[in-house]
Amino acid sequence: MKNIKNISALIIALLFVSYTGISQEESEEVSLETQTIKGIFDGYEDGSYSFKYKNEDGDNDVIFFDKIKPELLKVYDLNSGKLKGKTFEITFETIEEEEIGDDGDSEYNRTKIITLLKQIQIK
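Take a look at the structure:
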């Protein structure tokens, strides 16, 4: 009788481990990097927040962010447009998500998420 209980517990444990592994494979997020830049808020359109900034070469460029932490929007209402033209220090993560399509093929999407935001004054 003890052997049956042990076997049942082992089967349940194996099923749990197998399910956990499969769930992680279906949609896996990998943080690629965290960066901080200074940029001028350019607006919110089509679900993206855009900022003008100078890239590594010193050229003017625009960066788009797909998401922002909700607590940051409580402090800085970027959706209203009132902060357009204001300068910010922006810390963000680039996340790569793997999604398995209906056909079983992997698809990778990169998402930029603002994790810290601080309005700054240019001197």
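According to the numbering used here, the sequence shown is numbered sequentially starting from 922.
Yeah, the Cβ is synthetic: ideal placement off N, Cα and C, and Gly gets one too.
Since the model is a prediction, treat every value here as computed from it, not as a measurement.
Going by DSSP, glutamate 977 is part of no beta strand (DSSP E) at all; its letter is neither H nor E. Leucine 953 is classed as exposed because its beta carbon has fewer than 16 other beta carbons within 10 Å across all chains shown. For phenylalanine 985, the closest of Phe1013, Gly979 and Lys1007 by C-alpha to C-alpha distance is Phe1013. DSSP, read as helix, strand or coil, puts leucine 1038 in strand. Annotation: asparagine 1000 to aspartate 1024 spans about 37 Å, alpha carbon to alpha carbon. DSSP places leucine 1004 in no alpha helix (DSSP H); its state is neither H nor E. Under DSSP, isoleucine 1043 takes part in no beta bridge, so it has no partner.
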